Amino acid sequence: MKQEFENKIAAVVQELFGQMVQVELTRPEEQFGDYATNVALQLAKQVGQNPRDVAEQLTEKLREALGDQVSEITIAGPGFINLHINNSALAAALKAEPTQSLANKIVVAEYSDPNPFKVLHAGHLYTSVIGDAIANLVEQAGATVHRVNYGGDVGLHVGKTMWALLAELGGENPDGLAQIPENDRSEWLAAAYVKGTQAYEEDETAKAAIIDLNKRVYTLHADNDHDSPLAQIYWTTRQWSYDYFDRFYARIGSHFEKYYPESETFQLGLQTVREHLADGIYQESDGAVIFDGDKYGLHTRVFINSQGLPTYEAKEVGLSMLKVQDYHFDRSIIITSNEQEQYMRVVLKSIEQFAPEFANSTTHLTHGNVKLQGGVKMSSRLGNFLRAVDVLDAASTAAKALNDGDNEQTVLGAVKYAFLKNRMGGDLIYDPQESVSLEGNSGPYLQYAHARARSILRKAAEQGTAAENTSAANGTAESVWVPASAGMTGEFDPAERSLARKISEYPEVVDKATADLMPHYIATYLYELAQTFNRFYEHNRVIDDARQAMRLHLVALYANRLQSGLLLLGITAPDKM
RNA sequence: GUACCCGUAGCUCAGCUGGAUAGAGCGUUGGCUUGCGGAGCCAAAGGUCGUAGGUUCGAAUCCUAUCGGGUACACCA
Numbered sequence: 015m016k017q018e019f020e021n022k023i024a025a026v027v028q029e030l031f032g033q034m035v036q037v038e039l040t041r042p043e044e045q046f047g048d049y050a051t052n053v054a055l056q057l058a059k060q061v062g063q064n065p066r067d068v069a070e071q072l073t074e075k076l077r078e079a080l081g082d083q084v085s086e087i088t089i090a091g092p093g094f095i096n097l098h099i100n101n102s103a104l105a106a107a108l109k110a111e112p113t114q115s116l117a118n119k120i121v122v123a124e125y126s127d128p129n130p131f132k133v134l135h136a137g138h139l140y141t142s143v144i145g146d147a148i149a150n151l152v153e154q155a156g157a158t159v160h161r162v163n164y165g166g167d168v169g170l171h172v173g174k175t176m177w178a179l180l181a182e183l184g185g186e187n188p189d190g191l192a193q194i195p196e197n198d199r200s201e202w203l204a205a206a207y208v209k210g211t212q213a214y215e216e217d218e219t220a221k222a223a224i225i226d227l228n229k230r231v232y233t234l235h236a237d238n239d240h241d242s243p244l245a246q247i248y249w250t251t252r253q254w255s256y257d258y259f260d261r262f263y264a265r266i267g268s269h270f271e272k273y274y275p276e277s278e279t280f281q282l283g284l285q286t287v288r289e290h291l292a293d294g295i296y297q298e299s300d301g302a303v304i305f306d307g308d309k310y311g312l313h314t315r316v317f318i319n320s321q322g323l324p325t326y327e328a329k330e331v332g333l334s335m336l337k338v339q340d341y342h343f344d345r346s347i348i349i350t351s352n353e354q355e356q357y358m359r360v361v362l363k364s365i366e367q368f369a370p371e372f373a374n375s376t377t378h379l380t381h382g383n384v385k386l387q388g389g390v391k392m393s394s395r396l397g398n399f400l401r402a403v404d405v406l407d408a409a410s411t412a413a414k415a416l417n418d419g420d421n422e423q424t425v426l427g428a429v430k431y432a433f434l435k436n437r438m439g440g441d442l443i444y445d446p447q448e449s450v451s452l453e454g455n456s457g458p459y460l461q462y463a464h465a466r467a468r469s470i471l472r473k474a475a476e477q478g479t480a481a482e483n484t485s486a487a488n489g490t491a492e493s494v495w496v497p498a499s500a501g502m503t504g505e506f507d508p509a510e511r512s513l514a515r516k517i518s519e520y521p522e523v524v525d526k527a528t529a530d531l532m533p534h535y536i537a538t539y540l541y542e543l544a545q546t547f548n549r550f551y552e553h554n555r556v557i558d559d560a561r562q563a564m565r566l567h568l569v570a571l572y573a574n575r576l577q578s579g580l581l582l583l584g585i586t587a588p589d590k591m
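Numbering (our numbering), first residue to last: 15 to 591.
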């Protein structure tokens, strides 16, 4: 309907003023109407007339053009045109679904990107939560989404870890691994990485040994060596890391269909970069292979180091080529910390030189760091940083203290919502107490709001007076339908209309969040929706009221939209809490 | 030094493709109350939108400068 109105308004503008304009209807404050446009203000200058006069002329035509769906068109302020839709149009709008704007598109979403042998820190949790939400948005718009993950199982950090592991095991002694209890494995590896990093910086002998081990790990991949003592240690501990990741993703509800290890991308990366030495895209410099980003206002980076080993840059090139081969995608979305922004621009610029279609279809989104309220920036290199489990534990502890219980779904909902309600980009200050609070703008508040609405519907069902299809027990985002029967022809009383108006914004909000890849729009909307409902509910009885049928429909629609929105954010909406 | 990100109420944040009195939550103060889950609702106080210019009929939003915070800048990932 919104789209239809926009097109009709644009046509009227064309007819009256001969101007091509992109009309975007916005949702004004309720007192002004249901939709608003500022075309008259924009047009005023172009046609050399007073904005209110322009609005007058448009309004007159629009009354015919928009037909009987619009009950009233008013001009307000400097020249805004406000549309009031009639109740049956509003009732129809309640059934509108988000646009399938990405139907038949193939999208690859890469995010999370933890490195084997290292610990999962708060940033991984943040990226995973954001990535899931963005992937969900793209998927609901009709795209086939491939959620993939990427991480460094080769590289200097592996050399550092191996060095420390050998020290712990007393040499290349894989049998010693059996001594490490299963529950301690990931911690043990993380500690080895920190120890190796320190040695690398402080001890020249160790540094040389680490550099050598790094090379040997590459060789081990090249030779497909699974038998030598070092190989046994490497493959076993790498698997420990993957097991640890799997447990973590299962806990937070993330699912990846593929994990690209760098060991599988570096050959293609090396090959691709070397191929483009001849055409000058990459160049040799001081024994290394670089891309001269300065030419493009970026900075220069090393892709292959002077020992002939690929750096992260070449591996990223390889990954990019692999994704193209594997998925033939229409669009690729990569989500990382903002520390990688400039680096990624250099890599993408270099790829653009030989594969422009790839660079053009790739979007790199970045987010800031997670900090605890009053906390410190984390650094995985030094070992004093906020781990993913620290965040979850903090939420769990706060939940116990505040709500006398730490239901896992509530804790996850709290953390995810706290991460997703802010526009991504800047750093995020995470306050565990606030996030688990059942009051205010929090995940648990919304989960509770949903449970409460379900409770009303349950009670009505028990009395045999339920609206049709009020349960979304299957928990899918599709279960938002309510038949346009029984009282939904649109005789809303004022309080009902306010609620209906807010509910009807859902598809527009989802469309905008999808178009901009900004899940926080959903979070903001859901909170406003819940507030609107609570205001309605405070003063309007549902069950045993003369208007029960209509109101139950609204409650059902509200609960379904709330649930769908939460699911898009990766947050569960239980029927009871 | 160069580039990018951020600076909105005491705190945490929306609002940013320029538009109607700058909005929430927390906190503070006051009110509603045996309720279909009050984990709610109503109201008040609280803002030179970092600062200074500029563009515009109109700027939190665009441009420039500047201050403050963060990040990245050759063989780490």
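Beta carbons are placed, not taken as given, at the ideal position from N, Cα and C, and that holds for glycine. Keep in mind it's a predicted model, so treat the numbers as computed, not measured.
Let's see if you can read the secondary structure: which residues bound the alpha helix (DSSP H) around residue i?
i      : result
Pro275 : Note, Pro275: premise wrong, no alpha helix (DSSP H); beta strand (DSSP E) at Lys272 to Pro275.
Ser410 : Ala402 to Asn417
Glu232 : According to the sequence as given, residue 232 is Tyr; it is not Glu. It spans Glu218 to Ala236 - the alpha helix (DSSP H) in which Tyr232 sits, taken as one unbroken run.
Gly579 : Gln562 to Leu582
Leu134 : Unbroken run through Leu134: none, as it is neither H nor E.
Pro374 : For the sequence presented, residue 374 should be read as Asn rather than Pro. Segment Pro370 to Asn374, the alpha helix (DSSP H) holding Asn374.
Gly332 : Tyr326 to Tyr341
Gly165 : From DSSP, Gly165 is part of no alpha helix (DSSP H) but of the beta strand (DSSP E) over Thr158 to Gly165.
Tyr2   : No answer is possible for residue 2: the residues shown for the chain start at 15 and end at 591.
Tyr310 : Unbroken run through Tyr310: none, as it is neither H nor E.
Any heavy atom of the ligand FAD closer than 8 Å to the beta-carbon of residue i?
i      : result
Ser242 : Summarising the ligand content, the structure contains no ligands, and the ligand FAD is consequently not present.
Specify, as a first and last residue, the run of the beta strand (DSSP E) that residue i falls within.
i      : result
Lys385 : Val384 to Leu386
Thr546 : That residue, Thr546, is in no beta strand (DSSP E); its alpha helix (DSSP H) goes His534 to His553.
Val303 : Ala302 to Phe305
Tyr444 : Leu442 to Tyr444
Ser351 : Arg345 to Ser351
Val429 : First-last for Val429: Glu422 to Leu434, but that is the alpha helix (DSSP H), not the beta strand (DSSP E).
Phe94  : Phe94 to Ile99
Which whole-angstrom value describes the C-beta separation of residue i and residue j, a residue pair presumed to lie in contact below a C-beta threshold of 8 Å?
i      : j      : result
Lys430 : Gly457 : 6 Å
Glu44  : Ser364 : 51 Å between Cβ atoms; not a contact.
Leu540 : Leu580 : 7 Å
Ala409 : Val450 : 6 Å
Phe547 : Ala412 : Actually they do not touch by this definition, with Cβ atoms about 26 Å apart.
Can you tell me whether residue i is helix, strand or coil according to DSSP?
i      : result
Ala50  : strand
Asn118 : coil
Ser85  : strand
Tyr296 : coil
Arg6   : Outside the shown range of the chain (15 to 591) lies residue 6, about which nothing can therefore be said.
Leu379 : strand
Val35  : coil
Arg315 : strand
Ala155 : coil
Ala24  : helix
Glu289 : helix
Thr279 : coil
Ala147 : helix
Ala587 : coil
Out of the options, which one is the CA nearest neighbour of residue i?
i      : options                           : result
Ala136 : Tyr296, Phe262, Leu244 and Ile95  : Phe262
Thr88  : Gly81, Leu76 and Asp82            : Leu76
Pro92  : Thr233, Asp67, Ser85 and Gln83    : Asp67
Gly173 : Lys132, Asn197, Ala155 and Val152 : Lys132
Gly301 : Glu18, Leu312 and Pro324          : Pro324
Glu70  : Gly62, Gln83, Phe94 and Lys59     : Phe94
Ile225 : Tyr214, Leu234 and His235         : Tyr214
His138 : Gly427, Asp420, Val523 and Gly382 : Gly382
Ala373 : Val384, Val360 and Lys385         : Val360
Ala107 : Glu519, Phe506, Ala155 and Gln577 : Glu519
Ile266 : Gln339, Val405, Ala54 and Arg561  : Val405
Can at least three beta-carbon pairs, one atom from the segment 151-160 and one from the segment 198-208, be found at a separation below 8 Å? Counting Cβ pairs under 8 Å, fewer than three are found: no touch.
Touch test, the segment 172-185 against the segment 136-145, Cβ-Cβ under 8 Å, three pairs minimum: Too few Cβ pairs lie closer than 8 Å, so no.
Inter-stretch contact at 8 Å, needing at least 3 Cβ pairs: the segment 279-299 / the segment 327-339: Put simply, the segment 279-299 touches the segment 327-339. At least three CB pairs are less than 8 Å apart.
At a cut of 8 Å, does the segment 234-245 reach the segment 186-194 through at least three beta carbon pairs? Segments in contact, yes.
At least three beta-carbon pairs within less than 8 Å, the segment 508-522 to the segment 559-571: Touching, yes.
Three or more C-beta pairs below 8 Å linking the segment 530-539 and the segment 147-157: Result yes; three or more Cβ-Cβ pairs closer than 8 Å.
contact_flag[the segment 114-125, the segment 221-241] where n(CB pairs < 8 Å) is 3 or more: Verdict: no, contact absent.
contact_flag[the segment 374-381, the segment 336-350] where n(CB pairs < 8 Å) is 3 or more: Yes: the two stretches touch, three or more of their Cβ pairs being nearer than 8 Å.
Say whether the segment 48-64 touches the segment 93-108, bearing in mind that this needs 3 or more beta-carbon pairs closer than 8 Å, one atom from each stretch. Segments in contact, yes.
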